[in-house]
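As structure tokens, the structure follows; a few thoughts come after it.
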Amino acid sequence: MKLLRKAAAYLVRPFGLRDLGLPGRGEDALPAGESITADNVLALSTAWACVNLLAGTISALPIDLKMAGNGGAVEEAPDHPLQRVLRESPNADQTPIDFWEFMCISLELWGNAYARIERNGAKIISLVPIRPDLVTVRRTREGTLEYRWSEEGYSYVEPAERVFHVRGFGGDALGGMSTLAHGRNTFGVAQAIDRAARSTFRNGLHPTIAFKFGKFLSPEQRALVELDMVERYQGARNAGRPIRLEGDVGIEKLSINPEDAQMLESRAFSVEEICRIFGVPPFMVGHTVKSTSWGSGLEQQVLAFQKFTLRRRLKKIEQAIRKQLLSSDDKAKGVTVSFNLEALLRGDSSARAAFYTSMLGAGVMTINEVRALEGLAPVAGGDVPRMQVQNQPITNARGIGDNGGPLLDDETDQDEAA
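So for the sequence shown, my numbering puts the first residue at 16; every next one is plus one.
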């Protein structure tokens with residue numbers, strides 16, 4: 016065990032593209048000759064849309080901090096100090112949406128999200144985000160985790176108790192896997208295709224002509240022809256100008272296929288590849304080449320996106336909060352943290368009405384609970400659960416006697432008295 020700890024003390028998690036072990040150096044070591052950085056990747060419209068969708072959706076969800084109350088009922092914990100940090104003001108500079116958006120972007124691109132935990136005694140008062148590309152994580156000789164980074168002229172060496180760390184895909188204690196690193200080939204090809212398309216359009220996507228000479232030209236003739244042709248016929252101001260040809264000179268018209276110039280098939284494939292990396296259905300980032308933008312099939316894809324893409328990310332954040340930010344006393348009291356998906360799952364007016372009717376009729380929800388979900392004020396008597404009673408014997412219906420005939424006056428009085 017001691018030997019293992021000594022060896023682990025020198026294990027530093029490779030972080031960033033410089034530690035990927037790419038063969039060779041220079042542009043030949045880069046996928047498609049492209050440099051892969053966060054800025055370059057986000058310059059790809061598909062990557063921007065995927066990260067924006069995931070980070071924007073998660074950061075907009077409210078976080079519920081609850082605890083077990085009397086009788087086992089789960090109740091809000093408004094006086095818990097983490098309520099303010101998680102829901103109102105994570106730090107002096109950011110709103111909750113700003114903070115969680117930064118954390119989610121860090122998760123999507125680098126596979127790790129970090130924030131420095133500031134305390135007043137045992138009370139957590141602030142979470143300050145840290146750029147993930149600056150952080151190095153290692154395991155010390157004692158077996159604990161240590162975080163190192165330098166920012167704005169300051170160097171930090173903090174134990175795990177002082178750093179809030181959400182790990183992405185990978186499950187390693189030192190951190191998750193970097194999407195920038197493991198998706199570098201896909202991002203590099205997409206960048207190369209975009210660069211080639213931009214160069215084609217920059218040079219002018221229009222039919223061009225070539226001059227064919229019957230024999231090889233001397234250096235002087237070649238220089239004269241090139242100079243004359245450039246001055247007389249190149250550029251928009253010379254468009255339509257008649258061409259003077261002498262000797263055995265022919266003209267061949269050259270043209271570029273617009274679809275080839277835009278590399279439509281390759282770019283469409285890159286869109287699908289990038290969406291596959293982030294787990295986002297292509298139509299959710301505006302790519303509807305192989306699907307319609309309406310229909311029940313897309314509704315099922317949206318549900319699949321919520322179940323298989325968002326849910327895993329939300330659970331990682333929730334469990335990180337419970338493990339790292341809740342004290343042992345909080346856990347003993349049954350304090351729980353979860354994202355509220357109600358706003359995300361809200362349907363249209365008809366779907367909500369049908370859902371509320373079922374919940375009210377079964378006694379699961381009260382009138383005031385429904386009104387709260389719709390942003391309405393409570394009403395008197397609205398906190399009492401109600402449920403419909405059906406399939407009664409016909410003799411129990413008011414106005415019908417046991418013999419099937421109408422109730423007499425004295426029977427009605429007895430029924431009312433009962």
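All C-beta atoms in this analysis are idealised placements derived from N, C-alpha and C, irrespective of residue type, glycine included.
How about residue i and residue j: are their beta carbons less than 9 Å apart?
i    : j    : result
L391 : L356 : no
F202 : I51  : yes
P186 : E123 : Correcting the residue identity first, residue 186 is Gly in this sequence and not Pro. Contact: no.
E83  : K338 : For clarity, residue 83 is Ala in the given sequence; the question names Glu instead. Going by C-beta atoms, A83 is not nearer than 9 Å to K338.
I78  : S353 : yes
A53  : L149 : no
P93  : M118 : no
T61  : I289 : yes
Have a look at residue i and residue j and give me their C-alpha separation to the nearest angstrom.
i    : j    : result
G301 : F284 : 14 Å
E116 : H180 : 15 Å
V394 : L341 : 36 Å
A70  : S365 : 29 Å
P105 : V404 : 49 Å
V152 : M402 : 56 Å
I336 : S170 : 25 Å
R131 : R177 : 6 Å
A137 : V100 : 14 Å
I140 : V385 : 34 Å
Y371 : L97  : 32 Å
Q334 : A175 : 16 Å
G310 : T303 : Residue confidence is low: G310 scores 49 on pLDDT, short of 50, so the model does not pin down where it sits. Its coordinate-derived value is still stated next. Computed Cα separation, rounded: 12 Å.
R367 : A211 : 49 Å
L76  : P408 : 48 Å
L359 : D209 : 34 Å
V89  : L142 : 26 Å
R102 : K346 : 19 Å
C65  : R154 : 33 Å
A95  : R282 : First, the residue type needs correcting, since residue 95 is His and not Ala in the sequence shown. Computed Cα separation, rounded: 50 Å.
R327 : G191 : 14 Å
L239 : A225 : 16 Å
Q316 : W63  : 20 Å
R396 : E133 : The question names Arg, but residue 396 in the sequence shown is Gly. Taking the straight line joining both Cα atoms gives about 45 Å.
L57  : E235 : 50 Å
S193 : L242 : 53 Å
L388 : T159 : 45 Å
Take residue i and list the residues in its own chain whose beta-carbon comes closer than 8 Å to its own, dropping the five residues that flank it on each side.
i    : result
L68  : V295, M299, V300
N135 : none
K227 : V264, G265, I266, E267
A107 : S141
T11  : Missing from the structure shown is residue 11; the chain here goes from 16 to 433 and no further.
Near residue i, what residues of its chain come up, given a Cβ to Cβ distance below 6 Å and the 5 sequence neighbours on each side ignored?
i    : result
D263 : G229
M374 : M380
T351 : K81
E173 : Y162
L59  : A205
G198 : I292
At what residues does the alpha helix (DSSP H) containing residue i begin and finish?
i    : result
F117 : 111-125
E384 : 382-388
P393 : That residue, P393, is in no alpha helix (DSSP H); it is neither H nor E in DSSP.
T194 : 194-197
K138 : Note, K138: premise wrong, no alpha helix (DSSP H); beta strand (DSSP E) at 138-145.
V152 : V152 -> not in any alpha helix (DSSP H); beta strand (DSSP E) instead, spanning 151-154.
R327 : 326-339
Q98  : 96-102
S74  : 60-74
Near residue i, which residues of its chain fall below 7 Å by C-beta distance, leaving aside the five closest residues on each side in sequence?
i    : result
I332 : V181
P147 : S121, W125, N127, A128, Y129
S74  : I112, W115, E116, C119
P297 : V286, E287, C290
Can you tell me where the beta strand (DSSP E) with residue i in it begins and where it stops?
i    : result
K81  : 78-83
E161 : 160-166
S170 : 169-174
F370 : Taken as a continuous stretch (DSSP letters only), F370 belongs to no beta strand (DSSP E), being part of the alpha helix (DSSP H) at 364-376.
S353 : 351-354
E90  : 89-91
V178 : 178-182
Meets three-Cβ-pair contact criterion under 8 Å: the segment 162-173 and the segment 317-328: no
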